[in-house]
Every structure is written in structure tokens, then in C-alpha cells.
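Heads up: the structure comes next, in C-alpha cells.
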């Protein structure tokens, strides 16, 4: 059987894209069994097919050994496991095009895979889909440091890109906990949001151009670096957030904003959620254009993460924590604004205690805790994670409701997220997966969110885990049009099957 | 024949959506004759059809009198004239749906029309398409002043919306010269950019949701007000910038940023274009996050506008002018940043002279000139206008080239636009339309722009005037996919025919 395993710890700030499994007990159940899915009528990979792939990619970039393929079949939260026999590692758009064209002809299903940091099973196969791992498409193509336009290949790791553009006085317009592993192409394909959407906007706004390969191998070249280009339909948006089901993103052009000259971080303890909301309103008003992040995490989010990963928490215990960050062009002005805000809100009682710092190592210590809340949830335990959008006034209501509903069937229920975007992450931690808890959670969470006109997936996407819940957020007419577009772009349905759209 | 006409002057800051034509000499040639277009095989409107429309809308909202219909057939720059016999004025999404469903069955072509402020003939018919004027769909539906989400009907005038949200401490995320007439639905359908894209981003980033009606009458409801919603394909983007050819936008949800507490405007004279660019770089660095607009206009842009519309120019004559605006949350901080910038750049010689003001009436006086550059071009003259994106370093090169190429065949050639977006507007003013000048301009301008990897239509769109030039900005694969999507969404091709996509 598969080799050994144990996932003891997570490297700080990184979600593991390729974990080496060393204990059989850590290998999750097959998705097809766990979720009772029926294989669709695709062809199966034959020796001839493997030979073809080797003729295109060479021997080295076609993995077929069970051991080599295993980790590509499993998502990092160990929720989903596919049964692929082949991993392909193209190095160019042309190779991707050749592979897809062949698979389309042969009716071989394909699962495109970036950094494999998703949490809805979108980036691992369900059955024996060929894994098209894009990690070797990882070159920066160009950077215009005046306009801020970066052009790069799909497999570039977000953090590496950020380090690169910082050398040119720019930053990437998105930042998320998985930055050390996630790929820009995966970010684009899933319309990733992250920590600073509040300030720098979403990817539909900041992606300037895309090159993508359709299921039949056609390369769609919309790789312009222009901020404005109203010539025909804005095709690039079809590939943003469609999770690899309409095409495989191979190159991305993206607008990088100027690196702030001054960065300051505030980390505050707050008495209750109502006061977190009031603090957000006050920050928006007092800090205005320099506010770059406003994150909230409840006590269990922070304390369990600090404990499990042995990270120091710079302030003592509070029911709620707020992480607030400013990006500005004048340190004195920013400090003055922040000081005024802090003085007022200590006086008003919205902030109970806290710390403000501009020291990179201290800021990093706080971000380390925040960004590891999700990864910490899987260390030695099983994690259910939800990612919802809600009206601000109802934002936190669901957490106490869930605690009551689940009682001692689980270890912890906690909530954290991006207040300014109305985006709450809900984590439910338990010793191991049980159907009982799964059924208490789903569709309950989606029903609650839908009743409040929220989104059942704010930024994590639909993937494999949520297609049958998508109707909680999208109506029949929209789903009908989505299906038509899928059929148009991928008539044989080979791209990332079992994902995003539910069966009719 | 048609009644009378003369368009003597333009009301300041407004492009005229419905000009009353009082002199036959002002009625432009029919587009079909001027541009030698062949009518496609649609049905023609019969008495029965008019009766059906009256049964849906009532007598008052179906215009068929020649006099009443005329102004809806002509675009405001008097370049295009259609031959429609019927204007329909729906008041609800249901009415739009009923009309389109009927027209689709009957193969009657439809031209959706917003404020009719476009400059590429996209919002007027070419032959006898039914004009679907959306001006009565003009209600605000809701405003959440914490999240900033505004929901409104398609026919709301941009300036009215801005006035409305300002009462709640917010501003619209876009602003353009035509704001007094243009509709939010038209803005969305054409992906309008405008003056503050630099700061508040584009509509793909700020539109939260859309309700649109497909050609067959199906209502596509993607009208969520959430900042983040990754559930399925992001359909709303299909309707942003597709110029009414894929569906008719009926409602819009849009994110409104906070109204700045402090607004300051700088209006500067600059010696040459190279220095305009240097000044932009300096402003980005010195003013950072408070920079909300950076516009450039050459001497002829400003002086001709000031002269024709009798608007005072607050500073004397310079080869180039820069209008720079800041939006901030602390007046003292902003003034300090701006003062430092001004002192440095007066000393460096980048700024020759100028004025800085926070007085609303004085700021308005400067914006009045800038926003009337385009309208002023049509007062008593014929205007060719281009709207291109270019790399910054090549931004202005084409203006002197055109002056040389056109010589005294035209009155004036001038350039102005949004430096930060690489977006240049080129105006060519002449006594009346001549084919000779038209042929000197097109495709020359597009060839020059294409050679620099620019866009032949940065924000004005493709409309009727540019489909046969679209290949200068989009390749075969992209055009092929656009055609497939058009066929999918509007199989009978009834929506805004002769626009956006070229004939195969």
C-alpha cells in the first residue's frame, strides 16, 4: 500500500502544497467513496497515452509511480483524495495546448493543479483524472515598474512574485495565508481574495490580461498589460474564478500597486463582536485611504493557533482580536492618524488593550498567528472549514449558533476573517471526520447564509465540495447560463469534472 | 422633412443626450449610407408589432412619430444616424423581458440605449432597429451606507446617483465628463473608465452585481451586493463592456467608496510632454494613496474649449496642462503633502506655474474646462475622436504625427487624457466630415497604436464605428471565442446588430 505518513507540523506561514505522507493513517478516504460520487464516462489512461505524454514532455515530467503520484491526489486539509495514475508537468503554453488537445480528442479527463492550497477539493482529482500540475510554468516574463504591470507564468508562487516586485518598489495586489505555496494562476482561477482586498480591490479589477488554453487546446491570448482596453468582450473574466473548468490559465498580467513607504500594524483586544464592528467603522473614518487590512479573529482562533504552533501571542487573552494595518506614503502622517484613532478608541473602550508596531519582525509575528489559523486546524485533527459572505450586522451570529448545535461532538468552533469584505471563515475542529457532524453542518450553514442573502463561498470557491450547494447562492437562470458556457467552452467536459457545476 | 435645427452650444459639463434638432443642416447623413453598410435579414416592424408593444407599455411609452423618434436616432457627436421607426420606453425589468422575448421570436432587431453619450455609434441604430430606451428605469433601489453597496436601475443618471450617495457619505466610484447625461447601465455596458480610475479602479472591480435580460427575455439575476462571492462563473462580467450585444443590463449593484473628507485640486502649466510624465512619476511617489486623478491636456485642448464655451482659464498659456486631484481623510496632511510636492516641482522646473485650490467653485471651474473638451469639439464643427491606450513613454507621440499628416485639412488636432491609465483621447476638429480626412485617420491611428501594443479603444468601446478595426487589438482566437459567446447568448443576433464584432 501507500507509504507511511504523519503530518506533525506546518512550516510557519506556509500551507503545504506537497506533503510527504509517512503514515497510512494520514491518508484520507477516497473522495469518491466518502462522498458517493459516480465516475463519468471518460476514457481511462492507457499505455499509449502515457507514451504520447512522454513524447511531448519527456520521461521526467510524466509521473506514474504510485508513490510519486500520491501527494498530488490529496488536498492539504486531507479532506479529498483522488485516484489519478498520471501527473503531467508541462513547462510551456504549447505543451499545455498539446496535452489538452490530445486529452480532448481521447475524452480523457484532466484536473489542472496549481499550488494545491484550496480547501474545497478543486485542485485534486476525484477519480482518475490526469493531474496537470502547473508548477514548472514559473517564470516572470516582464515587469513595467512605471505602470506596475507584471507579466508572469501561471505557476509562479505568490510570495516569490511579491518578493520580486518589491525589489522594484511595487507589491502584489493580493496577499493571503497560503502565499508561500499558492500559484498566481490558482489565485486567478479561484478569484482569491485575501487580506488586503479592502485596499487593493479584487482580481477582476487588478488582472490586466490572461493567456489561457481551452479544453480543445486553443490558446486564448488576452495577455494585454493595459489598464484600459474596451475592444470586444472582456474574455479574461471567464477564467477568473471558474476554477479551471473553462480553461487552463497559463499566463497572467497583473497590476501591482506601489509599495507603501510606511506600514504600521495594530493588534487589539476587543470585548465583543459589536465593538469589533464599531471599531471597523471608526477605523474606516479615521484612517481612510491608508487602511489596508482589518481582520478579526475570535479567542479560540488565536489561542488554539498560538498553542498548536507554539507561536507567541503578543497580547493577553481577549474575547476578540483585531488586526489592523495601514499602508501609506508618509510615516509621520500615518502615525498621527493611527495615534489619534488609538487614543480615541482606548478612551471610548472599544479597544481594551493592544500594541502598535512598525517593526517588520513584530508585525510578522502577528501576521504569523493570523495566517496560520487555517493550517493549525489540521495539525493532528480533522478540519471543516467554511468561507462565507454575510451582511456585517449578522457577521458573527453563526459561530455561537454552531457551538450550541455541535456541542461536545467537536473540539472547537471558531470564526475569523476579513470584516471589511463581510467575509467570515468558520473553522470546526474535531478529532476525525464523522458523518454525523458533517450532516449537522451541511446544509445548515448554507441555509443560514442563504437566508441572509450571503454567499456560501466568499473566496474559497465551489470546487468538488460545494456544487450541490451552489443553488443557495445562484438562481436557476444564472446556473443555466453557466452550464451553457461550460458546454460551449468544453463540450466534452474534460476540464476539472465533478467541480463547480452540479449535475443537472 | 425633419424639423429645423442648430446646435449652438453645450450646457456646461453635460453632453446632450437628447438634442432638439432645429436645422436640417445639422442632421447627419444616415450611417448606412455614410459607411456603406448592408441591412441584415431581420424582420421589419409592422402595425401588429406596434400594437403589441402598446399592449405591454401603454400608448405613451411607444414613440412612432418621426419627429419624436429623430433625436433617438442620432448620436450626440452627430456622426451616426439610424432609421428606427419605434422607440420603446420600458419602466421595469419585466417589460424589458417581454419586449425582448417578443422581438427575439419575431426576429426584430433591437438597439438598447442609455444616455446616448457614446462616441462610437453604439447607442443609436444603424437601420430600423427598435430603440429600447432605458431612461425610465431610473429608480434607486437600496443603499447600504456601511458597506457602500448601492443598488439601482439601469437608467439612473451618473451625476444624480453621485449626488444621492454623497448625502450618505459616499461617492460613485467613477466620474466622467458625460456624468450629467450618461446612465449607470450604459457606464456598465461600456465599461466606462473616466477621471478617477487611477484611484478607485475599474468597473470590473467595483460592480458588485448585475441583473440583465438576455435576447430571449431570460432574466439573469446576479444582483448580489457582496464584495466576495465565488460561487460559480462570474457572469456579471459578460455584461460589463459588451455594449448591449449580449444582454440588456436592467439593474446594477455597485460599491461606492467613502466620500473624501478633503479634496484638493492642482492645475499646472508644464513645458513639454516629457515633463508631464516626470511630474506624474513624482506625484505618484509624493502623494501616494491620496492621488485621485492625474489628467493632462495640451494647449489646444484647453484653449479651444475655453474659447468656444467662453469658460475662464485660471492660468495663462502653456504647452501642456496637468490637473491633479487628491482625495484624503485629513486636510492638513493632504495639504502638507501637496505643498511639499508643489515646492519641489516648482523648484525643479517641472511645474512652470499653477494654482492649488480646495474651494469647490474654483475646483469646478477647472473641471468644467476639462470635462467640456470633448463636447466643445462639436460646436459648429465636425469632430473625429479617438480613445486609445498606449505605453506611457509613447503616449503623446501620435499628436504631432497627426498634425503633420493632416496639415490644414483640419482645424485642430489635440490630445488629452488620463495619464495614469495610459489613456489618450485624440480629437480632430474640422468644419465638416470629409472622406479624405477619414481615410487619412483610419486605419492609420489604429496601425500606430497596434504597433505599440496599445488598445484602439481604451474606454469608448467598439460600437458601430470600430468592429472592422477590432483585430488591431484582439487576435483570431479571442475573436473566435467572442463570436461563439455572441451566438450562445443571442442566437438570432437581434441585440445591437452591426456593433462590436465584425462580420466574418
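Protein chains in written order, with this note's numbering: chain A, 1 to 504; chain B, 505 to 1008. Ideal placement from N, C-alpha and C gives every residue a C-beta, glycine not left out.
Straight-line CA distance for residue i to residue j?
i              : j              : result
residue 931(B) : residue 780(B) : 19 Å
residue 581(B) : residue 620(B) : 10 Å
residue 546(B) : residue 632(B) : 9 Å
residue 638(B) : residue 822(B) : 43 Å
residue 504(A) : residue 40(A)  : 13 Å
residue 577(B) : residue 799(B) : 33 Å
residue 326(A) : residue 598(B) : 46 Å
residue 625(B) : residue 584(B) : 6 Å
residue 852(B) : residue 809(B) : 30 Å
residue 33(A)  : residue 793(B) : 52 Å
residue 211(A) : residue 533(B) : 42 Å
residue 251(A) : residue 791(B) : 32 Å
residue 943(B) : residue 911(B) : 14 Å
residue 510(B) : residue 684(B) : With a pLDDT of only 26 at residue 510(B), under 50, the local geometry of the prediction cannot be trusted, and the value read off the model is given with reservation. Distance between the alpha carbons of residue 510(B) and residue 684(B) is about 21 Å.
residue 769(B) : residue 883(B) : 28 Å
residue 815(B) : residue 880(B) : 11 Å
residue 500(A) : residue 166(A) : 35 Å
Quick check: residue i and residue j, are their CB atoms within less than 7 Å of each other?
i              : j              : result
residue 188(A) : residue 248(A) : no
residue 361(A) : residue 454(A) : no
residue 262(A) : residue 334(A) : yes
residue 69(A)  : residue 87(A)  : yes
residue 221(A) : residue 195(A) : no
residue 268(A) : residue 328(A) : no
residue 641(B) : residue 760(B) : no
residue 540(A) : residue 494(A) : The requested residue 540(A) is not part of the displayed model; chain A covers only 1 to 504.
residue 977(B) : residue 231(A) : yes
residue 579(B) : residue 628(B) : yes
residue 197(A) : residue 209(A) : no
residue 933(B) : residue 916(B) : yes
residue 982(B) : residue 235(A) : yes
residue 777(B) : residue 900(B) : yes
Quick check: is the beta carbon of residue i nearer than 7 Å to any beta carbon in chain B?
i              : result
residue 301(A) : no
residue 218(A) : yes
residue 168(A) : no
residue 493(A) : no
residue 470(A) : yes
residue 2(A)   : With a pLDDT of only 26 at residue 2(A), under 50, the local geometry of the prediction cannot be trusted, and no value is derived from it.
residue 123(A) : no
residue 442(A) : no
residue 484(A) : yes
residue 282(A) : no
What span of residues does the beta strand (DSSP E) with residue i cover, start to end?
i              : result
residue 113(A) : 110 to 113
residue 265(A) : 262 to 270
residue 927(B) : 927 to 934
residue 759(B) : 752 to 759
residue 570(A) : Because residue 570(A) is not part of the residues shown, which for chain A are 1 to 504, the question remains open.
residue 419(A) : Where residue 419(A) is concerned, there is no enclosing beta strand (DSSP E), given that its DSSP letter is neither H nor E.
residue 648(B) : 644 to 648
With residue i as the anchor, note down where its alpha helix (DSSP H) starts and where it stops.
i              : result
residue 551(B) : 551 to 561
residue 445(A) : 444 to 451
residue 30(A)  : No alpha helix (DSSP H) contains residue 30(A), which DSSP labels as neither H nor E.
Indicate whether at least one CB of chain A lies closer than 7 Å to the CB of residue i.
i              : result
residue 658(B) : no
residue 863(B) : no
residue 719(B) : no
residue 579(B) : no
residue 896(B) : yes
residue 770(B) : no
residue 726(B) : yes
residue 940(B) : no
Taking residue i as the query, report the chain D residues whose CB atoms sit under 8 Å from its CB, ordered along the chain.
i              : result
residue 966(B) : The structure shown contains no chain D; its protein chains are A and B.
Complete alpha helix (DSSP H) runs within the region 371 to 399 of chain A (minimum length 4 residues, chain order)
373 to 376
Give the list of continuous alpha helix (DSSP H) stretches no shorter than 4 residues that lie fully inside the region 290 to 356 of chain A.
299 to 308 and 331 to 348
At 4 residues or longer, and completely inside the region 178 to 207 of chain A: list those alpha helix (DSSP H) runs for me, N to C.
184 to 189, 197 to 200 and 203 to 206
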